[in-house]
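Chemist:
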Amino acid sequence: MLIPKANRKKIYQFLFQEGVLVAKKDFNAPKHQDIDVPNLQVIKALQSMQSRGLVATRFSWQYFYYYLTNEGIEYLREYLHLPPEIVPRTFIKTTKSVAPRRGKTRYPRFRDN
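Just so we're aligned: the sequence shown equals residues 1 to 113 in full-length UniProt numbering.
1. Evaluate contact between the segment 3-15 and the segment 68-84, counting only Cβ atoms and requiring at least three cross-stretch pairs below 8 Å.
2. Any idea if Y66 is buried or exposed, counting beta-carbon neighbours within 10 angstroms, 16 or more meaning buried?
3. If you draw a straight line from the alpha carbon of V55 to that of S97, how long is it in whole angstroms?
4. Look at the alpha carbon of V20 and the alpha carbon of F110, and state the distance between them as a whole number of angstroms.
5. Roughly how many angstroms separate the alpha carbons of W61 and I35, rounded to a whole number?
6. So does the segment 79-97 actually touch the segment 22-30, counting three or more Cβ pairs closer than 8 Å?
7. So which of M1, H32 and K9 has the shortest CA-CA distance to L82?
8. Looking only at its chain, what residues have a beta carbon closer than 7 Å to the beta carbon of S48, apart from the 5 residues adjacent to it on each side?
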């Protein structure tokens, strides 16, 4: 399927930014729920990437789940001309801020007077 270069670039940018892309199995949808591109073009572009081993695919409950592989990251970095410091959001480790404990807060029991 011929996909315009601008649409292919939007798909690849979103996939690289997030690391994961979800597409509903609706070939007649006018546009994808996250990207301003027809849903059929999103599915076909990612099926092409899957056949080259650049994404892994899962299908469940009428939704395609596409996960970027290491080879896919390298390919998209080259295609989008990105430096190696930029990584998909799924590869960024989040740090949880732990609130300091303020001693024991004990609520009085029924017979604790």
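Note that CB positions come from ideal geometry on N, CA and C, so glycine has one too.
The structure presented is a predicted model; accordingly, all values stated were derived computationally and were not measured.
Modeler: According to the structure shown:
1. yes
2. buried
3. 33 Å
4. 52 Å
5. 21 Å
6. no
7. K9
8. none
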